[in-house]
Amino acid sequence: MKYPVYERFYTWQGEGVHLGRAAYFIRLYGCPQKCFWCDSAGTWHPEYRPPQVGLYSAQELADFVVQESPDGAVVVVTGGEPILFDLTELVERLHAAGRRVHLETSGIAPLKGGIDWVTLSPKPFGMPPLREVVELTDEVKIIVHDLSDIQAGLKVLEGLPDDAVIWLHPEWSKAREKDMTVLNAITQAVKENPRLRAGYQMHKAYRADDLDPHSDKRQIPLGGNPELGV
Ligand code: SF4
1 MKYPVYERFY
11 TWQGEGVHLG
21 RAAYFIRLYG
31 CPQKCFWCDS
41 AGTWHPEYRP
51 PQVGLYSAQE
61 LADFVVQESP
71 DGAVVVVTGG
81 EPILFDLTEL
91 VERLHAAGRR
101 VHLETSGIAP
111 LKGGIDWVTL
121 SPKPFGMPPL
131 REVVELTDEV
141 KIIVHDLSDI
151 QAGLKVLEGL
161 PDDAVIWLHP
171 EWSKAREKDM
181 TVLNAITQAV
191 KENPRLRAGY
201 QMHKAYRADD
211 LDPHSDKRQI
221 PLGGNPELGV
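Dropping the structure here:
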């Protein structure tokens, strides 16, 4: 099987429990969720089709990881929506290369592959996550663009393990604008429910991903709106 790769790059994990950890990202192409604030819109938006999407085997991707990042760096498989693909072979080859494999997904299809760490970012306004994926989740990332997103995200987490961490992340355009309505709502929610944590996309503040020559530097403003999708 060949995997469609939109971009790959070595950087560090900018959010969640593994914040700050060296990480090699493999961003697969394709996503049906069509979030209007998507910051990876090049993976699916019809107005911004990439000039080409590389098709690589699991072994070729494992070789890239070994050549382009040192031992100890985890591999984050993201998208797009990577759960649309059977990840079994990719995970096996990465494990054989001695790497832990993390997944970032909205959980809309059965998970195939022995992933070591599952980050679930539910999109309840699109397709909600499958319960079987929720049950495998290690951490949840709820993106908060509107205040209703917090409750909507929490509602689709039936079956979440008790020890899974739940992050509330301001959607990036809101974070960049320091939208205090959204930021204060996250603060309030965390104070009311200590299981929740306030999050932030730290790699964007550092612009860490841009330093790798393989990362995609194009700005992809959704619908021509330069405040979204970048
Ligand atoms: S699920 Fe992720 S990749 Fe897909 S449209 Fe939403 S933010 Fe973008």
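Mapping of the sequence shown onto full-length UniProt numbering: position 92 corresponds to residue 92, and the numbering continues sequentially without gaps. Idealized CB from N, CA, C, for every residue including glycine.
For residue i: DSSP bridge partner residues
{"i": "Tyr206", "result": "None; Tyr206 has no bridge partner."}
{"i": "Leu103", "result": "Val77 and Val118"}
{"i": "Tyr6", "result": "According to DSSP, which records beta bridges pairwise, Tyr6 is partnered with nothing at all."}
{"i": "residue 266", "result": "Residue coverage of the chain in this structure runs from 1 to 230, which leaves residue 266 outside it and unanswerable."}
{"i": "Leu196", "result": "Ile166"}
Residue i CB to nearest heavy atom of the ligand SF4 below 6 angstroms
{"i": "Ser106", "result": "yes"}
{"i": "Gln13", "result": "no"}
{"i": "Gln201", "result": "no"}
{"i": "Lys123", "result": "yes"}
{"i": "Gln33", "result": "yes"}
{"i": "Gly80", "result": "yes"}
{"i": "Ser40", "result": "yes"}
Whole-angstrom C-beta distance between residue j and residue i, which should lie under 8 angstroms
{"i": "Val77", "j": "Arg100", "result": "Not a contact, Cβ separation roughly 11 angstroms."}
{"i": "His203", "j": "Gly14", "result": "3 angstroms"}
{"i": "Leu160", "j": "Val134", "result": "5 angstroms"}
{"i": "Ala198", "j": "Trp12", "result": "About 20 angstroms separates the two Cβ atoms, so there is no contact after all."}
{"i": "Asp86", "j": "Gly113", "result": "7 angstroms"}
{"i": "Ser69", "j": "Tyr10", "result": "4 angstroms"}
{"i": "Thr43", "j": "Gly54", "result": "Not a contact, Cβ separation roughly 13 angstroms."}
{"i": "Ala109", "j": "Ile83", "result": "5 angstroms"}
{"i": "Leu103", "j": "Thr88", "result": "That belief does not hold up - the Cβ atoms of Leu103 and Thr88 are roughly 12 angstroms apart, past 8 angstroms."}
{"i": "Ala62", "j": "Arg27", "result": "Between Arg27 and Ala62 the Cβ distance is about 16 angstroms, and since that is not below 8 angstroms, they are no contact."}
{"i": "Gly80", "j": "Ser40", "result": "6 angstroms"}
{"i": "Asp216", "j": "Tyr6", "result": "7 angstroms"}
{"i": "Gly16", "j": "Glu139", "result": "5 angstroms"}
- Message: Please give the ranges of any alpha helix (DSSP H) in the segment 14-86, keeping only runs that are unbroken, at least 4 residues long and fully inside the region.
- Response: 58-68
- Any chance you could list the beta strand (DSSP E) runs of at least 3 consecutive residues sitting entirely within the segment 131-189, in chain order? 139-144 and 165-170
- Message: So, does the segment 117-131 touch the segment 151-166, judging by three or more C-beta pairs under 8 angstroms?
- Response: yes
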